[in-house]
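Position in the sequence shown (from 1) plus 11 gives the number in this note's numbering.
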Amino acid sequence: MIIIPLLPDPIIECDFESVYAPSDDSYLLIDYFKSKIDHIYFDGIKISEINNILDLGTGTGIIAIFFQLIKIENPNFNPKIYASDILEDAIKCAKLNEKRNNIDNQIQIFHSDLFNSFPENLKHSFNIIVFNPPYLPSSKFIEQNINKQNIDYSWDGGLKGYEIIVKFLSAAKTFLNLKKEHFIYCITSSRTDLIELNRIIINMGYKNRIVEKEHIFFEDIVLNRLEYSRY
Ligand SMILES: C[S@@+](CC[C@H](N)C(=O)[O-])C[C@H]1O[C@@H](n2cnc3c(N)ncnc32)[C@H](O)[C@@H]1O
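Given below as structure tokens:
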């Protein structure tokens, strides 16, 4: 495999307190993608077959911008890049970061709670969906009934920590292009019950493979690569 030299690190600033500043989980994804792309394949999928890539929960836009910049280095890699987030501030921040990387208005950016506000024509269209989700348990909020702040959307994955991931996966299959090879890349954490989550994922019809794992302070962060297998 010929690795494309000097793959770009996007220039990213976090202009709003409510937006997640890229962290170990963001770079776990980017470093994995960097190691898996060459002039012909992206993680085993022919790049000529990849038409649409989605970075859901884009935050500063880092992952979507990374993919958009690869297109400059590698003319064979030419998918349309989409990004979305539940927070208006994240949408504004991702647009500012697009400008900082001189790629203004090239990424299609939506304000949406998961896929709820996606246009119909994007159903069955994505070859690659990336979600670095909120993946930690939110028992503090549930127990103490504290108001959720915008920044908490970055980490609050629900009472068990994986509820948002399950909601995401349940909707994602409608947006994957199941006629072609496709992957979902999603981060999870050992601070949730990963055995239970994996059981749910398999019952939903996905095949899951752990492709990277990193131990950080008190948890393992895990990069999962999923394919929908019931079709
Ligand atoms: C851990 S941050 C990841 C941000 C960025 N992708 C990165 O890797 O640095 C999770 C992101 O998901 C967004 N998010 C949380 N719940 C969401 C939902 N229901 N729909 C869309 N985005 C959501 C948050 O606002 C936040 O930007």
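We put the CB at the ideal spot given by N, CA and C, even for glycine.
Taking each of Ile74, Thr69 and Ile92 in turn and checking the Cα distance to Glu99, the smallest one comes out for Thr69. Taken through DSSP and simplified to helix, strand or coil, Gln79 comes out as helix.
Per the DSSP secondary-structure output, Asn219 pairs in a beta bridge with Leu237. If you check the C-beta of Pro21 against ligand 1, you find no heavy atom less than 7 Å away. Taking a contact as a CB-CB distance under 8 Å, the pair Ile139 and Phe194 counts as one, their CB atoms being some 6 Å apart.
Proximity annotation: ligand 1 has residues Val30, Tyr31, Pro33, Ser34, Asp36, Ser37, Leu40, Asp66, Leu67, Gly68, Thr69, Gly70, Thr71, Ile73, Ile74, Ser95, Asp96, Ile97, Leu98, Ala101, Ser123, Asp124, Leu125, Asn143, Pro144, Pro145, Tyr164, Ser165, Trp166 and Ile175 in chain order, each selected because its CB is closer than 7 Å to a heavy atom of the ligand. Its chain contains Asp66, Ile74 and Tyr196 as the residues whose beta carbon lies nearer than 6 Å to that of Val141, once the 5 sequence neighbours on both sides are disregarded; these appear in chain order.
Per DSSP, the continuous beta strand (DSSP E) segment holding Phe194 begins and ends at Phe194 to Ser200. Per DSSP, the unbroken beta strand (DSSP E) holding Phe121 starts and ends at Gln119 to His122. Taken atom to atom, the span from the alpha-carbon of Lys191 to that of Asn132 is near 17 Å.
Between Thr71 and Tyr146 the beta-carbon gap is near 18 Å, outside 8 Å, which marks them as no contact. For the pair Leu234 and Leu39, the CB atoms are nearer than the 8 Å cut-off. In the structure shown, the three-state DSSP call for Lys159 is coil.
Note on Leu170: under 16 other CB atoms within 10 angstroms of its CB, so exposed under the neighbour-count rule.
If you draw a 10 Å sphere on the C-beta of Lys184, you find 16 or more other C-beta atoms in it, and that means buried.
Restricting attention to Ser240, Lys178, Ile206 and Tyr164, the CA atom closest to the CA of Asn188 is found in Ser240.
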